[in-house]
């Protein structure tokens, strides 16, 4: 009877099934979570996954453009300085957190439960990015299939989607090589193919009226999600094997494109334009901000992918060595990609008889307009076009694997008993849900939504997440305790360089108060008819396509207000110079 009374008076215990790793604190569990969740199966799985995650689309279509617009070769000075101050230290910090705890982006905040909201924010950001990033992969698949012809469909005018402004590059010159017309009033076939056929943007009146679903894009998006699901079906055990191809093959194609590019006539003209140092640009704060952003986003810090990959490592994996291999390899790849891109643009500018800066673009405008047009000028153009888009496909898939694995790992680590045995089913449900949410991007006005997601999903919020993580680990948890954990894991403590960056330099660099204090794009008169001068076509929320036209010029295929956009940029630059 006494035993029964004692059992009755004993304090009730919450069953483990109803507790998440974050709730369990220091309670010892009978189940070994780290062993149960799995590990990488090969020695190079982790390293190649990190390389594939970091070396993505931005290395090909953002870095070269940022370099030449911010001082050419002189841009490498702030680029490598920001790599040393922000990139390498934050990369190593995130890997250390994941490997030491063997937990995903949510459960890892057992380190300081008060800041678990940073993990939730990280998950929200990566979810939004994954939705639109796979749409970009769908565009790549569309062009990849379109390249399987004897004549590229964007090579000539005269198709149903072309307008009277369409002008083929072969018709741009007269017999003596002089330009017969003003090219600014014409549009290339590749540009109209992108904007009027692939996007069919003329069917939308703006972001508030997306129009009909483009079923060819819808099927390409479905195929992209099927590929991603099949590759992450068994978690890191399957994606870790896929990256042996997807992380290495792009280098082979990049090398082929580089060799072909530098052997073209006029290639040196583009390379010279790309690398000619203009050191006066270093006096502008904009150049340093651009360098920090390029490092920040190309390494993928703050998205949770690095933390997730490291959580599947063995406890004593040498992530210190891996940090330098991946970060420096990513920087070198970006520079080589610039040579491959600008050698072809130099050839293209010579063929068209225009300066390089008139053919150079960034982002999707480079991938889906300029480079496809350059491919039509080469012998065996479908072959080179197929190689280029296959390279973009493999570059994009690696990053997408990381995004999805981050989401799945974060949630399954929170509810391991329920979800870990059914991880494949849960991964499939996540892919289906994100596919359905991404259908808005396949409509006539889908590009408006893609621009919206690209600009706001991972901008200021991501900076806040990274700064919070850095301060929570070094100031709240404690820099000495964190260094002790790394010593336990790797056998040595981080040196003064890492400690100084984590405590002071990295957070201070990320706080760009000057940038945050600038007026928003939609600042100005509330009525569109009152917006003149520098305020033309910048009103957010308008139902006409004008507001986003100015901003979307970097995505290619949007030329109606190109001149207005250039004038707006010039006016803003002149006003800023006069105020200094």
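In the working numbering, the protein residues as written are 1 to 580. Every residue gets a Cβ at the ideal spot worked out from N, C-alpha and C, and that includes glycine.
Under the three-state DSSP convention, the category residue i falls into
i	result
residue 163	coil
residue 108	helix
residue 292	helix
residue 232	coil
residue 478	helix
residue 187	strand
residue 428	helix
residue 628	Only positions 1 to 580 of the chain appear in the structure, and residue 628 is not among them; the question remains open.
residue 376	coil
residue 225	helix
residue 336	helix
residue 209	strand
residue 149	coil
residue 314	coil
residue 443	strand
residue 278	coil
residue 627	Outside the shown range of the chain, which is 1 to 580, sits residue 627, and nothing can be said about it.
residue 415	coil
residue 55	coil
residue 168	coil
residue 38	coil
residue 154	coil
residue 487	helix
residue 13	Caution is warranted here: a pLDDT of 41 is assigned to residue 13, below 50, making its placement in the model unreliable, and no coordinate value can be reported.
residue 361	coil
residue 24	Because residue 24 sits at a pLDDT of 46, beneath the cut-off of 50, its placement in the model cannot be relied upon, and the point is left open.
residue 495	coil
Beta-carbon separation (whole angstroms), residue i vs residue j, contact threshold 8 Å
i	j	result
residue 136	residue 445	So it is not a contact: roughly 17 Å between Cβ atoms.
residue 246	residue 52	6 Å
residue 130	residue 465	With a Cβ gap of about 16 Å, residue 130 and residue 465 do not count as contacting.
residue 140	residue 393	5 Å
residue 412	residue 426	7 Å
residue 287	residue 70	4 Å
residue 257	residue 340	5 Å
residue 308	residue 73	So it is not a contact: roughly 36 Å between Cβ atoms.
residue 79	residue 403	In fact, because the Cβ distance is near 25 Å, the residues do not count as touching under 8 Å.
residue 290	residue 66	5 Å
residue 357	residue 50	That belief does not hold up - the Cβ atoms of residue 357 and residue 50 are roughly 35 Å apart, past 8 Å.
Residue i classed as buried or exposed, judged by whether at least 16 other C-beta atoms fall within 10 angstroms
i	result
residue 274	buried
residue 433	exposed
residue 509	buried
residue 199	buried
residue 45	buried
residue 334	buried
residue 473	buried
residue 37	buried
residue 384	buried
residue 215	exposed
residue 210	buried
residue 264	buried
residue 62	buried
residue 150	exposed
residue 41	exposed
Spatially closest choice to residue i from the options, by CA coordinates
i	options	result
residue 64	331, 122, 38	331
residue 86	324, 451, 487	324
residue 488	125, 109, 223, 99	99
residue 81	294, 354, 421	294
residue 88	494, 248, 352	494
residue 193	168, 207, 112, 497	168
residue 456	125, 354, 101	125
residue 353	322, 269, 149	269
residue 165	267, 498, 113, 189	189
residue 479	490, 337, 498, 43	498
residue 160	381, 84, 197	197
residue 477	502, 492, 491, 496	502
residue 234	428, 500, 322	428
residue 127	305, 266, 250, 292	305
residue 212	439, 525, 490, 507	439
Min CB distance residue i to chain D below 7 Å
i	result
residue 434	The structure shown contains no chain D; it holds only a single protein chain.
Subject >> Segment contact flag, the segment 100 to 113 with the segment 405 to 415, C-beta cutoff 8 Å, min 3 pairs >> reply: yes
Original post:
With contact counted as at least three CB pairs below 8 Å, one residue from each stretch, are the segment 230 to 246 and the segment 392 to 401 in contact?
Top reply: yes
Original post:
Would you say the segment 342 to 352 touches the segment 310 to 323, given that touching needs at least three Cβ pairs under 8 Å?
Top reply: no
Original post:
Do three or more CB pairs link the segment 362 to 373 to the segment 283 to 297 at distances below 8 Å?
Top reply: no
**OP:** Evaluate the contact criterion for the segment 154 to 161 versus the segment 480 to 500: three or more CB pairs, one atom per stretch, below 8 Å.
**Re:** no
Original post:
For the segment 301 to 308 against the segment 87 to 101, are there 3 or more C-beta pairs whose distance is under 8 Å?
Top reply: yes
Original post:
Between the segment 38 to 58 and the segment 458 to 476, are three or more C-beta pairs nearer than 8 Å?
Top reply: no
**OP:** Examine the Cβ distances between the segment 218 to 236 and the segment 466 to 475 and report whether three or more of them are shorter than 8 Å.
**Re:** no
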